[in-house]
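Student: Protein chains in written order, with our numbering: chain W, 61 to 216; chain Y, 32 to 120.
All C-beta atoms in this analysis are idealised placements derived from N, C-alpha and C, irrespective of residue type, glycine included.
Remember, predicted model here, so these are calculated numbers, not experimental data.
A single structure is presented below for examination.
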Amino acid sequence: MTVAREVDASRIRAWITPDSLENFAPLAACGSEADGAALVFEGRVRATNEGREVSSLAYEAYAEMAEQELEAICGEALDRFAVSSAFAAHRVGELGLKEVSVVVKVAAPHREPCYAASRWIIEALKSRLPVWKHERYADGSSVWVGAPAAASGAGP
Amino acid sequence: MTLDGLDGDISIRTLLFGVYAERAALRECSARVAAGSTVSDLVEELRRAEGWSWLPRRVVVAVNQSYAEGGTRLSDGDEVALIPPVAGG
Chain W
61 MTVAREVDAS RIRAWITPDS LENFAPLAAC GSEADGAALV FEGRVRATNE
111 GREVSSLAYE AYAEMAEQEL EAICGEALDR FAVSSAFAAH RVGELGLKEV
161 SVVVKVAAPH REPCYAASRW IIEALKSRLP VWKHERYADG SSVWVGAPAA
211 ASGAGP
Chain Y
32 MTLDGLDGDI SIRTLLFGVY AERAALRECS ARVAAGSTVS DLVEELRRAE
82 GWSWLPRRVV VAVNQSYAEG GTRLSDGDEV ALIPPVAGG
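Structure representation (C-alpha cells):
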C-alpha cells in the first residue's frame, strides 16, 4: 500500500545497510539553502549493556520492510515538526564497539524543530523498526536483546 | 480476489527473524491454512502443526511488509513475518 504524500521524495531518505555509517556520505544531500540548521544524531555500540560487558553485536533486519518503515518514520517527522528534510540509516551485520549503528540527520530553517524531530525519529525507530540486536558478552554468552528470557539464546 | 486452491487451502510464505528464527531453526517456511483464515488462525496453526509452543499467541506480525492485526484475513501467496520484540537503535 502506498500512502500519498505531498512531500518531495528527495527530502526523505532511509537506508538499511551492511556498510559503515561512519561519515555516511549520502547525508550531505539532507537540507537546502533555506535551512539554517542541520542536526546529526549517531547511535553507537556501547561497551556495557544492563551491567554486562559487551564484546560485539550483530543487527538483523527484515530489510525490505525496515527500509519502508524507516522512510515512513522520516515522512511522519516532516508532518509533525517544522523540519524540511529527514534522512536516517541503520546498520545490519556485525558491529564492533564504538561503531555507528544508526544515524539520523534532520534539517530545518531554525534549530529548535531539529532537536525535537531528531529525538522523535530515534524513539520511533526504536519502537517500530523490524530490527533485532544479538549481543555477545565478554563471558562468551549471547542474547537477543528484548526477547523473553525463556526464549533467549545461549545466555546463562 | 485471489483464486485459492481447489482444496480450499491457501499458501502463506512465513518469515522468521531473531530469536524466533533461532528457536525454529529456520528463517522461512510455507504454511498451508484454510481459505478465509486470519493472522491469528495462522499463528495457532504454526503453534500446533510445527510445535512452536514458544510462539506467543499475540505475536506481532507484518502481512506483506506492513504491521497487521490478528483479525487480518489472509490471501493465497501472502508474506507473513513473525516479529520478535524489536531492538533497533
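(1) For residue 165/W, does the three-state DSSP call read helix, strand or coil?
(2) Of all the residues that make up the segment 41-64 of chain Y, which are near chain W by a beta-carbon distance shorter than 9 Å?
(3) Here's a check: name, in chain order, each residue in its chain whose Cβ is nearer than 8 Å to the Cβ of residue 103/W, leaving out the five neighbours to either side.
(4) Exposed or buried, what is residue 91/W when buried is set at 16 or more other beta-carbons lying within 10 Å of its beta-carbon?
(5) With DSSP as the reference, identify every bridge partner of residue 65/Y, one or two as the case may be.
(6) Return helix, strand or coil for residue 101/Y, following the three-state DSSP convention.
(7) Looking at the structure shown, is residue 134/W part of a helix, part of a strand, or coil, going by DSSP?
(8) Kindly indicate the opening and closing residues of the alpha helix (DSSP H) around residue 122/W.
(9) Report buried or exposed for residue 39/Y, applying the criterion of at least 16 other Cβ atoms within 10 angstroms of its Cβ.
(10) At a Cβ threshold of 8 Å, is residue 117/Y touching chain W?
(11) Report the CB separation of residue 112/Y from residue 46/Y in whole angstroms; it is logged as a contact under 8 Å.
(12) Hey, residue 165/W and residue 100/W: beta-carbon distance below 8 Å or not?
(13) Going by DSSP, which residues form a beta bridge with residue 191/W?
(14) Going by DSSP, which residues form a beta bridge with residue 114/W?
(15) Using a 10 Å radius around the Cβ and a threshold of 16 neighbouring Cβ atoms, would you call residue 85/Y buried or exposed?
(16) Roughly how far, in whole angstroms, is the beta-carbon of residue 137/W from the beta-carbon of residue 177/W, given that I think they are within contact range, below 8 Å?
(17) Specify, as a first and last residue, the run of the alpha helix (DSSP H) that residue 87/W falls within.
(18) Kindly indicate which residue of 142/W, 190/W, 111/W, 80/W has the alpha-carbon position closest to the one of residue 71/W.
(19) According to DSSP, simplified to helix, strand and coil, what is residue 49/Y?
(20) Checking 8 Å against the spacing of the C-beta atoms, do residue 94/Y and residue 76/Y come in under that value?
(21) So with CB distances below 7 Å, who are the chain Y contacts of residue 182/W?
(22) Taking just the CA atoms, how far does residue 186/W sit from residue 113/W?
(23) Return helix, strand or coil for residue 204/W, following the three-state DSSP convention.
(24) Could you check what DSSP says for residue 75/W in three-state terms: helix, strand or coil?
(25) So, at 8 Å on beta carbons, what are the nonlocal neighbours of residue 77/W in its own chain, with the 5 sequence-adjacent residues on each side left out?
(26) Looking at C-alpha atoms only, which residue of 157/W, 86/W, 81/W, 96/W is the closest neighbour of residue 117/W?
Tutor: Walking through what the data contain:
(1) strand
(2) 46, 48, 49, 50, 51, 52, 53, 54
(3) 160, 161, 162, 163, 182
(4) buried
(5) 40/Y
(6) coil
(7) helix
(8) First-last for residue 122/W: undefined, no H or E at that position.
(9) exposed
(10) yes
(11) 4 Å
(12) yes
(13) 121/W
(14) 197/W
(15) exposed
(16) 5 Å
(17) That residue, residue 87/W, is in no alpha helix (DSSP H); it is neither H nor E in DSSP.
(18) 142/W
(19) helix
(20) no
(21) 120
(22) 22 Å
(23) strand
(24) strand
(25) 149, 150, 151, 152
(26) 157/W
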